[in-house]
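**Student:** Protein chains in written order, with the numbering used here: chain A, 1 to 346; chain B, 347 to 635. Cβ coordinates follow ideal geometry from the N, Cα and C atoms, glycine included.
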Amino acid sequence: MTSPAHAAESLTPASSVDYPYAHTSLLPLVGTLAVLALLPAVFLAGDLYMLSVLAGAFLTAAACVGLAIVTGWAKLLSFSQGAIYGVGAYAAGIIATRHDVPMWLIMTVSILAGALTGLVLALPTLRLQGAYFGIATIGIQMLIIGLLVKGGDLTGGPTGIAGLPLPTVWGKELFEPGELYYLTLAWLAVVSLLAGWLWRSRIGWEIRLTGHNSGLADAFGIPVVRRKVIAFMLASGIGAGTGCLHAYVYGVIDPFGFGIQFSAVLLIIVLLGGKHGRVLATMVAAILITLLPEYLRSFADIRLLVYGLVVICLVLFAPGGLSGLWDRAWSLFRGFATNSKGATLK
Amino acid sequence: MDVLTQQLLNGATTGMTLALIALGINLIFGLFNFVNFAHGAFYVLGGYLAITAMSSLGMNYWVALVLVAICCGLLGMVLDFTIFQRILGRDPNESMILTFGLALVIEETIRLTWGPTPRNIRSPLSEERVSFLGLYLNAQLLFALIGSFVVIGLISLLIARTTFGLRVRAMTQDFEMAQLNGVRVKNLSAGVWFLGAATTGLAGIMILPAFTLETSGILPTAVMAFAVVIIGGLGSMWGSVVAGLLLGLSTSLVEAYLATGMTDITAYSLLLIALWLRPQGLAGKKVAA
Numbered sequence: 001m002t003s004p005a006h007a008a009e010s011l012t013p014a015s016s017v018d019y020p021y022a023h024t025s026l027l028p029l030v031g032t033l034a035v036l037a038l039l040p041a042v043f044l045a046g047d048l049y050m051l052s053v054l055a056g057a058f059l060t061a062a063a064c065v066g067l068a069i070v071t072g073w074a075k076l077l078s079f080s081q082g083a084i085y086g087v088g089a090y091a092a093g094i095i096a097t098r099h100d101v102p103m104w105l106i107m108t109v110s111i112l113a114g115a116l117t118g119l120v121l122a123l124p125t126l127r128l129q130g131a132y133f134g135i136a137t138i139g140i141q142m143l144i145i146g147l148l149v150k151g152g153d154l155t156g157g158p159t160g161i162a163g164l165p166l167p168t169v170w171g172k173e174l175f176e177p178g179e180l181y182y183l184t185l186a187w188l189a190v191v192s193l194l195a196g197w198l199w200r201s202r203i204g205w206e207i208r209l210t211g212h213n214s215g216l217a218d219a220f221g222i223p224v225v226r227r228k229v230i231a232f233m234l235a236s237g238i239g240a241g242t243g244c245l246h247a248y249v250y251g252v253i254d255p256f257g258f259g260i261q262f263s264a265v266l267l268i269i270v271l272l273g274g275k276h277g278r279v280l281a282t283m284v285a286a287i288l289i290t291l292l293p294e295y296l297r298s299f300a301d302i303r304l305l306v307y308g309l310v311v312i313c314l315v316l317f318a319p320g321g322l323s324g325l326w327d328r329a330w331s332l333f334r335g336f337a338t339n340s341k342g343a344t345l346k
Numbered sequence: 347m348d349v350l351t352q353q354l355l356n357g358a359t360t361g362m363t364l365a366l367i368a369l370g371i372n373l374i375f376g377l378f379n380f381v382n383f384a385h386g387a388f389y390v391l392g393g394y395l396a397i398t399a400m401s402s403l404g405m406n407y408w409v410a411l412v413l414v415a416i417c418c419g420l421l422g423m424v425l426d427f428t429i430f431q432r433i434l435g436r437d438p439n440e441s442m443i444l445t446f447g448l449a450l451v452i453e454e455t456i457r458l459t460w461g462p463t464p465r466n467i468r469s470p471l472s473e474e475r476v477s478f479l480g481l482y483l484n485a486q487l488l489f490a491l492i493g494s495f496v497v498i499g500l501i502s503l504l505i506a507r508t509t510f511g512l513r514v515r516a517m518t519q520d521f522e523m524a525q526l527n528g529v530r531v532k533n534l535s536a537g538v539w540f541l542g543a544a545t546t547g548l549a550g551i552m553i554l555p556a557f558t559l560e561t562s563g564i565l566p567t568a569v570m571a572f573a574v575v576i577i578g579g580l581g582s583m584w585g586s587v588v589a590g591l592l593l594g595l596s597t598s599l600v601e602a603y604l605a606t607g608m609t610d611i612t613a614y615s616l617l618l619i620a621l622w623l624r625p626q627g628l629a630g631k632k633v634a635a
């Protein structure tokens, strides 16, 4: 029996170039992670500032890889990833400041809380399509932040929660930038390899087919709504887990840090990575976007203005994002190398 | 009693203003299936332009009212020509992303131009109180309430009775058939964007003197107006009025009697409940929601 991927490819002739169904190798992803792991040893050794900036970038990247599953794969535009990241952070903040519980347990609780939130929110919203779904997720985002602000003693209100314990792994407290770098990189590796493995797996293919053409997915006997719920839960679980780690790494959280602007930045990164939500492209986009302010002087003031312009230009001129540009460059290169037109991605 | 009337007036006025903003969204979303998250920009911009017109250029409030509405309308037309026409007919997801980016750009531009601190607009009515049946009511709120009602009435007459309105209705019903019958999309689209943007700017300059003006109002305003359109039903102007009043009154009553700082929670819960139970809206016909 031929693999489902090939069957779908033959059914969607025109879009096979536009939509990469083919199994993607995990090697580039593993290679990138390895390079990131070697980076501090090679030439970032003393640069504590850069190490902590990169640790922040890895957290953002992990949240974006999660969001890519729902927005890139299932093609559901979600504006609520920031709030769900906040749910994970608050789960950690509330438990860790009150009880003496090991970090791995709190992390598990956060991931489950996020996935559960995703499930609860998915049930009423996933019947909605297109614009209605997007608006519903903005409603969810605003509602969660509103609840966090009004949470009284439990959530600390507008000031949030401070004084979380240091992240502890195997009895060792981590606080130096180098250690936090490896902690966040480890989480990013787990998340991105999981997502990369899912991309190649049957269920990942089903989620992507659902987003690409839900009618076709239906004809294949794929339970469309259930696949969307799974995508939403995966994205939420990853988002909340990352939020939990964020709370541990920074030690303080407040509700406005997880507001609609944060959600917007996450979404913009995913779109910059490319509309198919490929794992490596999303990761690279997240790291680039986080490093950009470090290299542009006085960029912080107009950060959101530039992001807005980037988004407008992306939609108008390069809907494929980074991975689209990469594909185009790669196919040009291949065409040049083999000297035959059209023998590239088809 | 005084608190109750004050809260009722507050809620009703906020609701009517939302209905007026929703009018533009209703027209554009109904016509082109185009989600414009930047629509709230015209509302906020209306307020800031009014500040410039009155304090820097020394204009009278009433002159500023008309000029600001026209400026917002023209801006709407410009955005239509430069950006929106280019992505017409593409995936609604793309319009959401694009206008989200546009909202960010406009918000930051406003912040850089007028500064980040909240501002107050002075109008001849904002300090006045009207005595009515022994109650003292804020004249600005009353003006915004009646003004919104009148403008919505006028626009619905325009849509119901004129050739322009006929074309808009034809286009909403069947985009391609209307085109085949000679309706020019570009002209019509420009007209609709002018109307939508001008009424939204008008809403801003009418109600904002009663409140403070903040740069961060763009997205929440647009989302609330979308909530009104969805709750009221797509394509139904009076459905929007009912939904606007429902939303405005319930948020202000919750604020007054249950707990303060609950505006967001109440409003967005209502939006989610409405989307869950009646995605086609109160008055709307069945749409592909």
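Are the C-beta of N382 (chain B) and some C-beta of chain A separated by less than 8 Å?
**Tutor:** Taking Cβ atoms only, chain A never reaches closer than 8 Å to N382 (chain B), which makes this a no.
**Student:** Any beta carbon from chain B within less than 8 Å of L209 (chain A)'s own beta carbon?
**Tutor:** Chain B, which has no Cβ nearer than 8 Å to the Cβ of L209 (chain A), makes this no.
**Student:** Can you list the residues of chain B that P124 (chain A) reaches, using a CB-CB cut of under 9 Å?
**Tutor:** Neighbours of P124 (chain A) on chain B, chain order: L618, I619, L621, W622, L623.
**Student:** So A536 (chain B) and M608 (chain B) are in contact, right, with Cβ under 8 Å, and what is the actual spacing, rounded?
**Tutor:** About 41 Å separates the two Cβ atoms, so there is no contact after all.
**Student:** By the three-class DSSP mapping on this structure, what secondary structure does I501 (chain B) have?
**Tutor:** Three-state DSSP puts I501 (chain B) in a helix.
**Student:** For E176 (chain A), name the three-state secondary structure that DSSP assigns.
**Tutor:** Three-state result, E176 (chain A): coil.
**Student:** Write down the C-beta distance between F380 (chain B) and I374 (chain B) rounded to the nearest angstrom, noting that I regard them as a contact closer than 8 Å.
**Tutor:** Correct: roughly 6 Å between the Cβ atoms.
**Student:** What residue ranges within the stretch 429-490 of chain B form continuous beta strand (DSSP E) runs of no fewer than 3 residues, ordered along the chain?
**Tutor:** With a minimum length of 3 residues, the continuous beta strand (DSSP E) runs that stay inside the stretch 429-490 of chain B are 475-478, 481-484.
**Student:** Applying a beta-carbon distance threshold of less than 9 Å, which residues of chain A neighbour M608 (chain B)?
**Tutor:** Residues of chain A passing the Cβ test: G146, K150.
**Student:** Below 6 Å CB to CB, which residues in the same chain sit around A55 (chain A) once its five sequence neighbours on both sides are set aside?
**Tutor:** Contacts found: L180, Y181, T184.
**Student:** Are L618 (chain B) and I144 (chain A) touching if we call contact CB-CB under 8 Å?
**Tutor:** The answer is no: Cβ separation not under 8 Å.
**Student:** To which residues does DSSP link L395 (chain B) through a beta bridge?
**Tutor:** Answer is none; L395 (chain B) lacks a bridge partner.
**Student:** Consider the Cβ of A189 (chain A): report whether some Cβ of chain B lies at a distance smaller than 8 Å.
**Tutor:** Not one chain B Cβ lies under 8 Å of A189 (chain A).
**Student:** Name the one or two DSSP bridge partners that T168 (chain A) has.
**Tutor:** Answer is A:E173.
**Student:** Just the chain A side, please: which residues come within less than 9 Å of G447 (chain B) by C-beta, in chain order?
**Tutor:** Neighbours of G447 (chain B) on chain A, chain order: A264, I268, Y307, G308, L309, V310, V311, I312, C313, L314, V315.
**Student:** Buried or exposed: K75 (chain A), going by 16 or more other Cβ atoms within 10 Å of its Cβ?
**Tutor:** K75 (chain A) comes out buried.
**Student:** By how many angstroms is the C-alpha of F262 (chain A) removed from the C-alpha of L291 (chain A)?
**Tutor:** Computed Cα separation, rounded: 16 Å.
**Student:** Note down, in chain order, every chain A residue with its Cβ under 8 Å from the Cβ of T455 (chain B).
**Tutor:** Within 8 Å Cβ-Cβ: L305.
**Student:** Indicate the three-state DSSP secondary structure (helix, strand or coil) for L599 (chain B) in the structure shown.
**Tutor:** Three-state DSSP puts L599 (chain B) in a helix.
**Student:** Measuring CA to CA, which of A:G31, A:A37, A:T32, A:L48 is closest to E176 (chain A)?
**Tutor:** Considering only alpha carbons, the answer is A:L48.
**Student:** Measure from the C-beta of Y132 (chain A) to each C-beta in chain B and report whether the shortest distance is under 8 Å.
**Tutor:** Judged by the 8 Å Cβ criterion, Y132 (chain A) is in contact with chain B.
**Student:** Taking only beta-carbon atoms, is R530 (chain B) less than 8 Å away from chain A?
**Tutor:** With 8 Å as the cut-off, R530 (chain B) does not count as an interface residue toward chain A.
**Student:** Counting only C-beta atoms, is L483 (chain B) closer than 8 Å to chain A at any point?
**Tutor:** Cβ-Cβ to chain A under 8 Å: no for L483 (chain B).
**Student:** When burial is assigned at 16 or more other CB atoms within 10 Å of the CB, is S10 (chain A) buried or exposed?
**Tutor:** Note on S10 (chain A): pLDDT 43, under 50, position unreliable in the model; the coordinate value appears next. S10 (chain A) comes out exposed.
**Student:** In chain B, what lies closer than 8 Å to L77 (chain A) by C-beta?
**Tutor:** N439, M442, I443, listed in chain order.
**Student:** Answer yes if the stretch 385-394 of chain B comes into contact with the stretch 411-426 of chain B, meaning at least three C-beta pairs across the two stretches below 8 Å, and no otherwise.
**Tutor:** The stretch 411-426 of chain B is in contact with the stretch 385-394 of chain B.
**Student:** Please report the distance separating the alpha-carbon of R202 (chain A) from that of R208 (chain A).
**Tutor:** If I take the Cα positions, the gap works out to 10 Å.
**Student:** What are the residues that DSSP puts in a beta bridge with L559 (chain B)?
**Tutor:** L559 (chain B) is bridged to B:R465.
**Student:** Could you tell me the distance, in whole angstroms, from the CA atom of E453 (chain B) to the CA atom of T509 (chain B)?
**Tutor:** Whole-angstrom Cα-Cα distance: 36 Å.
**Student:** Using a Cβ-Cβ cut-off of less than 7 Å, give me the residues of the stretch 210-235 of chain A that come near chain B, in sequence order.
**Tutor:** The residues in question: there are none.
**Student:** Is I135 (chain A) near the ligand SAH, in the sense that its beta carbon is under 7 Å from a heavy atom of that ligand?
**Tutor:** In the structure on display, the ligand SAH does not appear, and there are no ligands present to speak of.
**Student:** Using CA coordinates, which residue listed in B:S582, B:A358, B:Y603 is at the minimum distance from S502 (chain B)?
**Tutor:** The shortest Cα separation from S502 (chain B) among B:S582, B:A358, B:Y603 belongs to B:S582.
**Student:** The alpha helix (DSSP H) spanning M405 (chain B) covers which residue range?
**Tutor:** Careful: M405 (chain B) lies outside any alpha helix (DSSP H) and carries neither H nor E.
**Student:** Please identify the residue among B:N533, B:G499, B:R468, B:R457 whose C-alpha is closest to the C-alpha of A485 (chain B).
**Tutor:** It is B:R468.
**Student:** Just how far apart, CA to CA, sit F58 (chain A) and A34 (chain A)?
**Tutor:** Between F58 (chain A) and A34 (chain A), the C-alpha separation is close to 14 Å.
**Student:** Please list, in chain order, the chain B residues whose beta carbon lies closer than 8 Å to that of A136 (chain A).
**Tutor:** Within 8 Å Cβ-Cβ: L617, L618, L621.
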